[in-house]
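Residue numbers (the working numbering): 267 to 654. No residue lacks a Cβ here, since even glycine has one placed at the ideal position from N, Cα and C. All values derive from a computational prediction rather than experimental measurement.
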RNA sequence: GUGGGCGUAGCUCAGCUGGAAGAGCACAAGAUUGUGGAUCUUGGGGUCGCGGGAUCAAAACCCGUCGCCCACC
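The structure is reproduced here in structure tokens:
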């Protein structure tokens, strides 16, 4: 259910001036909620899924595609865009929105995740992180302050603090160290942040240890950020650990601020996290799986490149209203993927992003209708994560 | 017609003086959670052109034969 236009205008008025977040509806039986976020480049409702545009593009999709899909906000990466093309060039275009032709809200990730994912190429110290650029091998030194400057230069709507996201481990000492480092970096980021039109989110670390998560949250909240993210989850730890952490940490997060579960996830992840009170998500799954020939549907995954679809005249998902499903057969999509044609990854990415964005929107509607729990139950009965 | 070269997986080929048929690509199946359009794992595939011979043992050596290529006539 969409908010009525008059109500939306009224809310926009209430939210005038800088970044703001307002809860519109809270579920009666779960912690799920619907919110409204106002940013310098427009509003969006939560829960929301942000397609990932690491290099200033949601891979294989144009801003027009994103608009057709109904995308409300995207995520870009400060670290990658700093290395290439560099902030000078983005500044010349008055920020990332104009540079990439996307007028809507943008959240920039700081590059903290790259400390983890590109760990072969880095050295961490108290001052910051020294990377060997994957681009040309050049030595790059990033500090929490530098990362804020980069994000301000890009004029993104939501900036993230530079954090230390450790590899998943049961090594409590390592997690505690990284948590402390993230807290000190967060403080430095907060001090340096000047751009009033831009929100700044803190990141809670602490691995799979409840007490460390609580400690991280408590001290991050003391610094008073515009929103709070959970980092370092769904990075290979057992599902029970993820849910246990969500169960304990979500209720402790400030009600009035958006909660962002970083890097997550799958349709099932969204249901579990939203039930526990999460508002924002981003994940490379729809685009990465799309590029590699796998489609998400209401009943599970379809590996379109599999030989059994060679002659299949059906669309990926006959219940899906996206451009790809309205016009193309599995057989044709498989042919494109098989032939290495770029339209294949484009059409599959379109479908997957459409599915993710609109799945979370549907959840939003169900919360407002008071039907979230039923919807979740029903979906989980029909969705087979191993369906191939 | 004469001389030479080649014939091994779907494709391109490697296999030494005889000792358990290989690689790359392709194909197929998996993995993928704040993205390196990447990467990794696994699998199916062979009358070694065909026939004969010597040998304990042949893709390899010998004889014949078929096919393709080159040179000369």
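Reduced DSSP secondary structure (H/G/I, E/B, other) of residue 287: strand
As assigned by DSSP and simplified to three states, the class of residue 281: Any answer about residue 281 is weak, because its pLDDT of 44 lies below 50 and its placement is not dependable; what the coordinates show is given next. Note: residue 281 maps to coil in three-state DSSP.
8 Å Cβ cutoff met for residue 371 and residue 308: yes
CA-to-CA distance, residue 316 to residue 624, given in whole angstroms: For residue 624 and residue 316, the distance between alpha carbons rounds to 11 Å.
C-alpha gap between residue 404 and residue 499, whole angstroms: 30 Å
From 556, 471, 381, 454, residue whose alpha carbon lies closest to that of residue 230: Absent from the structure is residue 230, since the part of the chain shown begins at 267 and ends at 654.
Bridge partners - residue 568, DSSP secondary structure assignment: 561
Opposing strand residues paired with residue 308 [DSSP bridges]: 305
Per DSSP, cross-strand counterpart(s) of residue 616: Answer is none; residue 616 lacks a bridge partner.
At least three beta-carbon pairs within less than 8 Å, the stretch 347 to 363 to the stretch 583 to 591: no
Simplified DSSP state of residue 644, which is helix, strand or coil: helix
Three-way DSSP call (helix, strand, coil) for residue 375 in this model: strand
Chain-order list of residues whose beta-carbon lies under 6 Å from that of residue 495 (same chain, five-residue window excluded): 467, 469, 526, 528
Beta-carbon spacing of residue 502, residue 471 below 8 Å: Pairing residue 502 with residue 471 gives a Cβ-Cβ distance that is not under 8 Å.
Which of helix, strand or coil DSSP assigns to residue 268: Annotation note: pLDDT 44 at residue 268 (below 50); position unreliable, coordinate value reported separately. If DSSP states are grouped into helix, strand and coil, residue 268 belongs with coil.
Which of helix, strand or coil DSSP assigns to residue 315: strand
Residue range of the alpha helix (DSSP H) that includes residue 591: 589 to 593
Own chain partners of residue 389 with C-beta closer than 6 Å, once the 5 adjacent residues on each side are dropped: Only 396 meet the Cβ criterion.
Residue 514 - DSSP class collapsed to helix/strand/coil: Assignment of residue 514 by DSSP, reduced to helix, strand and coil, places it in the helix class.
Chain-order list of residues whose beta-carbon lies under 7 Å from that of residue 331 (same chain, five-residue window excluded): Once the five neighbours on either side are set aside, the close Cβ partners of residue 331 are 616.
Pick from 433, 533, 516 that is closest to residue 647, judged by C-alpha positions: 533
Unbroken beta strand (DSSP E) run spanning residue 536, endpoints: Not the beta strand (DSSP E): residue 536 falls in the alpha helix (DSSP H), residues 533 to 541.
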